[in-house]
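S.K.: Residue numbers (our numbering): 122 to 233.
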């Protein structure tokens, strides 16, 4: 689940910054998503049960300077500028916040 990345907001397909959600809104959205998945999966502690994790569990506790030094150094701004979510907003002269620009780095961090 993207409880952490939701706090930033995925800029893909948007012309402007997404409205910031409250923690309660995020929790309600995640509960709804889990409810949909529960129709197809069994969540629990059994050996074959599905496990759903929330990326806020690790993203909320990141040390920002350490994160920049250890993770940010592996991302090329030049490359990031070529992604549609960034390039199209800039070409259309629509605002793109630093927060939104960092979304892809936080999303990639989920896979480390």
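Glycine residues also receive a C-beta, built at the ideal position from the N, C-alpha and C atoms.
Would DSSP call residue 204 helix, strand or coil?
M.R.: Three-state result, residue 204: coil.
S.K.: Would you identify the three-state DSSP class for residue 161, choosing helix, strand or coil?
M.R.: Note: residue 161 maps to coil in three-state DSSP.
S.K.: Any idea what DSSP makes of residue 171, helix, strand or coil?
M.R.: Three-state DSSP puts residue 171 in a strand.
S.K.: Taking contact to mean 3 or more Cβ pairs, one atom from each stretch, closer than 8 Å, check whether the segment 172-188 and the segment 125-136 are in contact.
M.R.: Judged by Cβ distances under 8 Å, the segment 172-188 makes contact with the segment 125-136, as three or more pairs qualify.
S.K.: Could you tell me if residue 214 is buried or exposed, where buried requires 16 or more neighbouring beta carbons within 10 angstroms of its beta carbon?
M.R.: It is exposed - the Cβ of residue 214 has fewer than 16 other Cβ atoms within 10 Å.
S.K.: Counting C-beta neighbours from all protein chains within 10 Å, is the total for residue 207 16 or more, i.e. buried, or is it exposed?
M.R.: Under this definition residue 207 is a buried residue.
S.K.: Between which two residues does the alpha helix (DSSP H) containing residue 227 stretch?
M.R.: Run containing residue 227: 224-230, per the alpha helix (DSSP H) assignment.
S.K.: From the DSSP output, in three-state form, read off residue 188 for me.
M.R.: Helix.
S.K.: So, at 6 Å on beta carbons, what are the nonlocal neighbours of residue 133 in its own chain, with the 5 sequence-adjacent residues on each side left out?
M.R.: If we look at residue 133 and ignore the five residues flanking it on each side, its Cβ neighbours are 206.
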